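In the numbering used here, the protein residues as written are 215 to 914. Just so it is clear, CB atoms sit at the ideal spot from N, CA and C, and this is done for glycine as well. What you are looking at is a predicted structure, and each value in this text was computed from that prediction instead of being measured. Report on the structure given below.
Below, the structure is given as structure tokens:
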């Protein structure tokens, strides 16, 4: 049985450098005697980060030096395990600093990030390019098959060796300094791109003064816009922003076509406004740096570098997959376009459908074809109902239970903390839920950890997991009611959280190590259960009547499951192909961002009425390295999740306990032993079939 342990770092084990702050004045330098060892957010202030990071770097370097200077011959324990465990103080600081920079940033945090990013980049580069350290790791790697390692130990050795190779350690000495400079500059450019995007998100406001311009908008959307206006000091007006809960309802329901255009263009042109936050030149620089780095490591381009360690293996396999889905998606979107144009013509509007009309007329199609109104559905999907649905699903599959823990420190009053219990009632994790948009929060939704689960001195230290969203807020006397898209997003991020709950490898490097085009399987598969009647009727409860969602409405929801799938898949695939084009093309400083994007979309035949889900200048997924040349992974993993869910359906038991346990074992928990296709086949018994995916997306 796992044991829960607080992270306690005795002061006697911390080596302090000269600092303006005494140890007892900086929370990062003392024990966290908080419930469950959670970060004491209320005690951590901006001025604590810089000295803590500086001390963390110093301690980490001392640990690396100790490994390198060890007179004993390199072994698995004194080199691989020692390196895997090094950097404890930085592991404590970085999740807090990084988490708040994404979810609750401010100008001071951004300033500190600009100061510490090159510092940390230089530090990690000095480690990755440390020839003596690499020689010790290489020595263990070369004898790995002869020293009695088990499968997990073998994996950590091979991955660590590969990390150093990909980090430039095998480069000739005269190339390492250039590689280091490229890496450090890439980190700064990525940071600036993201900061510019946040500034652009916050800068756009659609301010409405004439009540007539609100025609068509539901009352709760109008109320939310009035509340936003009050928040920014524009009482008596209505303010709409680029945040999803504000932008999308406006595009869906606003009758004023010119204002719909203003809203959409404000969103898609972020980072492309030729102002101080413009991202075009920075993005070109990032592409050139990635190309240089890839070539130095022996790859033709960054996409080749990225995919070489993914399930896809190479860029051509990615393109082949994307094009296979692109053709039916584009064909379906053209049929959807025709349906909407028919409504425009029938209404005698006298204009051709444009991008800013799509959401608006799609709603009309939904009502005509499926007799379904988004506002009819939303009262069943309050944010608390959807949260309860996620908890119920985790209970039905794996026996998990959740208990609110208001005593756990949080970084914002809207954040909720829950203790997660395993099937046997033992403590499993802490979950933080941060649901609504704020000016200091980046757009989108994500899952992260403030502490990863790990083994410390033979004891299991449980994870502290966070899911962060930008969902509709409560308005007036009405609760936050989620759209179906927001509902499935909640299940998606919760799936990532479950993955973090269960991952339990012995070594940090491999505990939750999966290919990027596999990591979306645990999240996306949970979306499938969200709309199943067996689960729906337990959580979709009308907030006024207390009645569960009726069968008749469920039937209409299911009939509409392929609604707008041409658009949804086409805009996604267009962005994924654009990402691949950027990372397979040799970019020069003369490359024009907008012309490149136009040519890319023209080549694949994207229709004018659809804009890629992300344009280059606001494509936050690829500003950092996580999804660069990897935005395709959501649909790649979609094949896995559709096939896996089909297995549950095929078994005749939507909550098949044996399959759920196999999924936990092979897909979620033992990533240090099984990964990628090996893990999937062990769960499923066969490789995935693409047909369930195509059927699910309405493309077959």
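1) So residue 855 packs on residue 742, CB below 8 Å; how close in whole Å?
2) Is the segment 786 to 798 in contact with the segment 568 to 583, if contact means three or more CB pairs nearer than 8 Å?
3) Report the start-end ranges of each alpha helix (DSSP H) in the segment 342 to 383 that is 4 residues or longer and not cut off at the edges.
4) What residues in its chain sit with their C-beta under 8 Å from that of residue 861, if we drop five residues either side in the sequence?
5) Excluding the 5 residues flanking residue 327 on each side, which residues of the same chain have their C-beta closer than 7 Å to its C-beta?
6) The alpha helix (DSSP H) with residue 586 in it runs from where to where?
7) Can you give, in chain order, each stretch of the beta strand (DSSP E) that sits fully within the segment 644 to 695 and has at least 3 residues?
8) Are the beta-carbon atoms of residue 317 and residue 622 separated by less than 7 Å?
9) As a quick exercise: from 745, 765, 806 and 707, pick the residue whose alpha carbon is nearest that of residue 776.
10) Under the three-state reduction of DSSP, which class applies to residue 810: helix, strand or coil?
11) Using a 10 Å radius around the Cβ and a threshold of 16 neighbouring Cβ atoms, would you call residue 710 buried or exposed?
12) How many Å lie between residue 755 and residue 466 at the Cα?
13) Is it buried or exposed, residue 434, if we count other Cβ atoms within 10 angstroms and call 16 or more buried?
14) Are the beta-carbon atoms of residue 693 and residue 757 separated by less than 7 Å?
15) So residue 510 and residue 393 are in contact, right, with Cβ under 8 Å, and what is the actual spacing, rounded?
16) Compute the distance between the beta-carbons of residue 832 and residue 485, then report whether it is under 7 Å.
17) Would you mind stating whether residue 451 and residue 443 have Cβ atoms separated by less than 7 Å?
18) Out of 547, 281, 338 and 426, point me to the one whose CA is closest to residue 823's CA.
19) Would you be able to state if there are at least three C-beta pairs under 8 Å between the segment 835 to 848 and the segment 676 to 695?
20) Taking its Cβ as the centre, do 16 or more other Cβ atoms sit within 10 Å of residue 274, making it buried, or is it exposed?
21) Starting from residue 518, trace the alpha helix (DSSP H) in both directions and tell me its first and last residue.
22) Of all the options 878, 718, 586 and 620, which has the alpha carbon lying nearest to the alpha carbon of residue 735?
23) Put residue 754 into one of helix, strand or coil per three-state DSSP.
24) When you compare each of 462, 437, 506 and 427 to residue 470 by their alpha carbons, which one comes out closest?
25) Helix, strand or coil for residue 641 per DSSP?
26) Just the Cα atoms here: how many angstroms apart are residue 410 and residue 655?
27) So what does DSSP say about residue 455, is it helix, strand or coil?
28) Is it buried or exposed for residue 545, if we count other Cβ within 10 angstroms and need 16 for buried?
29) Excluding the 5 residues flanking residue 910 on each side, which residues of the same chain have their C-beta closer than 7 Å to its C-beta?
30) Can you name, in chain order, every residue of its own chain whose Cβ lies under 7 Å from the Cβ of residue 900, other than the five neighbours on each side?
31) Could you tell me the distance, in whole angstroms, from the CA atom of residue 828 to the CA atom of residue 461?
32) Would you decide whether residue 333 is buried or exposed? Buried here means 16 or more other CB atoms lie within 10 Å of its CB.
33) If residue 542 and residue 863 are in contact, beta carbons under 8 Å, what's the gap, nearest whole angstrom?
34) For residue 889, which residues in the same chain have their Cβ closer than 6 Å to its Cβ, ignoring the five residues on either side in sequence?
35) Are the Cβ atoms of residue 634 and residue 611 separated by less than 7 Å?
36) In whole angstroms, give me the CA-to-CA distance for residue 834 and residue 360.
Let me lay it out:
1) As a first step, residue 855 must be located in the chain shown, where it is residue number 641. As a first step, residue 742 must be located in the chain shown, where it is residue number 528. About 7 Å separates the two Cβ atoms, so the contact holds.
2) When C-beta atoms of the segment 786 to 798 are compared with those of the segment 568 to 583, fewer than three pairs fall below 8 Å, so the two segments do not count as touching.
3) Complete alpha helix (DSSP H) runs here, min 4: 345 to 356 and 365 to 380.
4) Mapped onto the chain shown, residue 861 falls at position 647. For residue 861, the CB contacts under 8 Å within the same chain, skipping 5 residues up- and downstream, are 873 and 898 in chain order.
5) For this step, residue 327 is matched to residue 113 along the chain shown. Result list for residue 327: 315 and 405, in chain order.
6) Position 372 of the chain shown, counted from the first residue, corresponds to residue 586. From DSSP, residue 586 is part of no alpha helix (DSSP H); its letter is neither H nor E.
7) The segment 644 to 695 is shown to contain whole beta strand (DSSP E) runs of 3 or more residues at 660 to 665, 668 to 670, 673 to 675 and 678 to 682, in chain order.
8) To locate residue 317, count along the chain shown from 1; it is residue 103. To locate residue 622, count along the chain shown from 1; it is residue 408. Not a contact, by the Cβ cut-off of 7 Å.
9) Residue numbering aside, residue 776 sits at position 562 when the chain shown is read from its first letter. Of the listed residues, the one whose Cα sits closest to residue 776 is 745.
10) In the chain shown, the residue the question calls residue 810 occupies position 596. Of the three classes helix, strand and coil, the one that applies to residue 810 here is helix, per DSSP.
11) By one-based count along the chain shown, residue 710 stands at place 496. Residue 710 counts as buried, since no fewer than 16 other beta carbons sit within 10 angstroms of its beta carbon.
12) As a first step, residue 755 is located in the chain shown; it is residue number 541 there, counting from the start. As a first step, residue 466 is located in the chain shown; it is residue number 252 there, counting from the start. One C-alpha to the other measures close to 24 Å.
13) Translated into positions along the chain shown, residue 434 becomes position 220. By the neighbour-count criterion, in which a residue is buried when 16 or more other Cβ atoms sit within 10 angstroms of its Cβ, residue 434 is buried.
14) Walking along the chain shown from the start, residue 693 turns up at place 479. Walking along the chain shown from the start, residue 757 turns up at place 543. Closer than 7 Å, so yes.
15) Within the chain shown, residue 510 is the residue found at index 296, counting from 1. Within the chain shown, residue 393 is the residue found at index 179, counting from 1. Contact between residue 510 and residue 393 holds: their C-beta atoms lie close to 6 Å from each other, under 8 Å.
16) Taking the chain shown and counting its residues from 1, the one referred to as residue 832 is at position 618. Taking the chain shown and counting its residues from 1, the one referred to as residue 485 is at position 271. Closer than 7 Å, so yes.
17) As a first step, residue 451 is located in the chain shown; it is residue number 237 there, counting from the start. As a first step, residue 443 is located in the chain shown; it is residue number 229 there, counting from the start. It is a contact, given that the beta carbons lie within the stated cut-off.
18) Residue numbering aside, residue 823 sits at position 609 when the chain shown is read from its first letter. Measuring from the Cα of residue 823, the nearest candidate turns out to be 547.
19) Contact between the segment 676 to 695 and the segment 835 to 848 is absent, because fewer than three Cβ pairs lie under 8 Å.
20) Stepping through the chain shown from its first residue, residue 274 is reached at position 60. It counts as buried.
21) On the chain shown, residue 518 is found 304 positions in, with the first residue counted as 1. Counted as a single uninterrupted DSSP element, the alpha helix (DSSP H) harbouring residue 518 occupies residues 516 to 521.
22) Locating residue 735 in the chain shown gives position 521, where the first residue counts as 1. Among 878, 718, 586 and 620, the Cα nearest to that of residue 735 is on 878.
23) Counting from 1 along the chain shown, the entry for residue 754 is found at position 540. Three-state DSSP puts residue 754 in coil, outside helix and strand.
24) Walking along the chain shown from the start, residue 470 turns up at place 256. Closest option to residue 470, Cα to Cα, is 427.
25) As a first step, residue 641 is located in the chain shown; it is residue number 427 there, counting from the start. Three-state DSSP puts residue 641 in a strand.
26) The count along the chain shown starts at 1 and reaches residue 410 at position 196. The count along the chain shown starts at 1 and reaches residue 655 at position 441. Put simply, the backbone Cα of residue 410 is about 13 Å away from that of residue 655.
27) Reading the chain shown from its first residue, position 241 is the one you call residue 455. In the three-state scheme derived from DSSP, where H, G and I count as helix and E and B as strand, residue 455 is classed as coil.
28) Taking the chain shown and counting its residues from 1, the one referred to as residue 545 is at position 331. Looking at its Cβ environment, which holds fewer than 16 other Cβ atoms inside 10 Å, residue 545 is exposed.
29) Mapped onto the chain shown, residue 910 falls at position 696. Only 856 meet the Cβ criterion.
30) Mapped onto the chain shown, residue 900 falls at position 686. Excluding five sequence positions before and after residue 900, none of the CB atoms of its chain fall closer than 7 Å to its own CB.
31) Here residue 828 is taken as the residue at index 614 of the chain shown, counted from 1. Here residue 461 is taken as the residue at index 247 of the chain shown, counted from 1. Rounded to whole angstroms, residue 828 and residue 461 show a C-alpha spacing of 15 Å.
32) On the chain shown, residue 333 is found 119 positions in, with the first residue counted as 1. Its Cβ having fewer than 16 others within 10 Å, residue 333 is exposed.
33) Translated into the one-based positions of the chain shown, residue 542 becomes position 328. Translated into the one-based positions of the chain shown, residue 863 becomes position 649. Their Cβ separation, rounded to whole angstroms, is 22 Å, which puts residue 542 and residue 863 out of contact at 8 Å.
34) Walking along the chain shown from the start, residue 889 turns up at place 675. Here the set comprises 728.
35) Counted from its first residue, the chain shown places residue 634 at position 420. Counted from its first residue, the chain shown places residue 611 at position 397. Inclusion of residue 634 and residue 611 in the CB contact set at 7 Å is not warranted, their separation being larger than that value.
36) The residue given as residue 834 occupies position 620 in the chain shown. The residue given as residue 360 occupies position 146 in the chain shown. Rounded to whole angstroms, residue 834 to residue 360 spans 45 Å at the Cα level.
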